[in-house]
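The structure under discussion appears below in the form of structure tokens.
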Amino acid sequence: MVDSLKKPTFEEMRPGIKVPAKETILTPRFYTTDFDAMAKMDISPNEEELQAILEEFRADYNRHHFVRDDEFAQSWDHIDGETRQLFVEFLERSCTAEFSGFLLYKELSRKLKDKSPVLAECFSLMSRDEARHAGFLNKAMSDFNLQLDLGFLTKSRKYTYFQPKFIFYATYLSEKIGYWRYITIYRHLERHPENRIYPIFRFFENWCQDENRHGDFFDAIMRAQPEYLNDWKAKLWCRFFLLSVFATMYLNDVQRSGFYASLGLDAREYDKYVIEKTNETAARVFPVMLDVAKPEFYDRLEVCIKNNEKLTAISSSSTPKPIQFFQKLPYYVSNGWQLLKLYFMKPIDVEKTHGVVR
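Per our numbering, residue -11 is the first one in the sequence shown, and the count goes up by one each step.
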């Protein structure tokens, strides 16, 4: 019998339904956009590639992949304590991110149906994939006696408005970094099966190909809109989104390094590898790369990690809230300064690296 004291407790809306994690700057976001502007986009400069990607989506290579097998049918009480808490948080964050993609893609498919049928069908089929992923993750949470109320999440979350080009930058990077995250974990656990603490990780090889195909779709859309890639503003915005995605992942994962340790991974080394590979992949379409090999890049992120630890300690103290605000202020300012310095680090011009990183 497992000691119930070793099981972390989660706040529940009702029995078995977890209260969604509090929204912060590091949690997955829900997006909306200018649907009319999206519908008016001219995709003819790259329509042949988009049609080829649509055929891949129609093939639905993973239609029989997300089926739970006998390995799931057991008690998971042996995953307890901090590992259980961190794993449930991992499932929740992953489910929320996939569900966010489902909502955005489904709405885009509905809004574009009459005006841009190729894009509408692509978004519809991507929403199918995201729904599968979210459902599979939510079902995994039920093995730990919890689930998310996805209907409640739809209505209660704040939606961030992005112009179409920002949606493309953000979702392209989200899909590609998702590919590298999943395939890296999968390959590691293939080499070290003793660290596969739960069977969902066996599904990551095929799963990550959905992420890769989705990323290829956004790559193709951006190539059809050269103004999103070819001027000085595009370089600045690509730098911004690369930094935002990389910094968010690194700060999140190091904060939860215990989860990665349970898989036999060092969170920092895992993230550095994923960031390196995503940076290289993004260089196939973005005009710039971040210079992540420069020691300053991670040195400044480590300062942010230490600042966040101080902020957490202040929040956990009994100090009155108004005083906490002034105690936190220097660390907020420091975080902002570190990220600003990272943004203005000299990037790598992709055109000068052609033949080196492609």
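Every residue gets a Cβ at the ideal spot worked out from N, C-alpha and C, and that includes glycine. Keep in mind it's a predicted model, so treat the numbers as computed, not measured.
Are residue i and residue j close, meaning C-beta to C-beta below 7 angstroms?
i    : j    : result
V262 : R169 : yes
H202 : M114 : yes
F90  : E118 : yes
L79  : M1   : no
D259 : Y238 : yes
P187 : F60  : yes
Y331 : N295 : no
L42  : C110 : yes
P275 : K221 : no
L289 : F229 : no
R120 : F205 : no
A122 : C83  : yes
I336 : D287 : no
V242 : I185 : no
K99  : F45  : no
N34  : A212 : yes
N323 : G252 : no
S112 : S97  : yes
P8   : A85  : no
S245 : T71  : no
K143 : A27  : no
C196 : I171 : yes
Is it buried or exposed for residue i, if we count other Cβ within 10 angstroms and need 16 for buried?
i    : result
Q73  : buried
Q39  : exposed
F314 : exposed
S63  : exposed
E199 : buried
Q326 : buried
V344 : Because the pLDDT of V344 is 43, which lies under 50, any placement of that residue in the model is unreliable, and the question is left without a value.
P152 : buried
F124 : buried
Y248 : buried
L317 : exposed
I5   : exposed
F285 : buried
D207 : buried
V338 : buried
Y49  : exposed
R227 : buried
T21  : buried
T12  : exposed
F140 : exposed
A401 : Coverage of the chain is limited to positions -11 through 346, which leaves residue 401 absent and any answer about it impossible.
R175 : exposed
V273 : buried
N267 : buried
A108 : buried
R346 : Bear in mind that the predicted position of R346 carries a pLDDT of just 38, short of 50, making it too unreliable to give a figure here.
T269 : buried
Which residues bound the beta strand (DSSP E) around residue i?
i    : result
M1   : E0 to R2
T307 : That residue, T307, is in no beta strand (DSSP E); it is neither H nor E in DSSP.
T15  : Unbroken run through T15: none, as it is neither H nor E.
So if DSSP puts residue i in a beta bridge, which residue, or which two residues, is it bridged to?
i    : result
Q135 : I5
T142 : DSSP, once it has assigned bridges, lists no residue as partnering T142.
T148 : Y19
I336 : M277
Where do the N-terminal and C-terminal ends of the alpha helix (DSSP H) with residue i fall, by residue?
i    : result
T236 : W220 to Q243
Y258 : A255 to A270
Y93  : G69 to L100
P105 : P105 to S130
L251 : That residue, L251, is in no alpha helix (DSSP H); it is neither H nor E in DSSP.
Q39  : E35 to A47
Q197 : F192 to A212
Check whether the Cβ of residue i sits closer than 6 angstroms to any heavy atom of the ligand FMN, and report yes or no.
i    : result
K153 : Among the ligands in the structure shown, none appear at all, so the ligand FMN cannot be discussed.
Could you tell me whether any Cβ in chain B is nearer than 7 angstroms to the Cβ of residue i?
i    : result
A235 : Here chain B cannot be found, since the structure has a single protein chain.
### Query
Would the stretch 297 to 310 and the stretch 173 to 192 be scored as touching if the rule is three or more Cβ pairs under 8 angstroms?
Contact fails between the stretch 297 to 310 and the stretch 173 to 192, because fewer than three Cβ pairs, one in each stretch, are under 8 angstroms apart.
### Query
Do the stretch 146 to 153 and the stretch 121 to 138 meet, that is, are 3 or more Cβ pairs less than 8 angstroms apart?
No, the stretch 146 to 153 does not touch the stretch 121 to 138.
### Query
For the stretch 158 to 165 against the stretch 229 to 243, are there 3 or more C-beta pairs whose distance is under 8 angstroms?
With a cut-off of 8 angstroms, the stretch 229 to 243 and the stretch 158 to 165 count as touching, because enough Cβ pairs lie within range.
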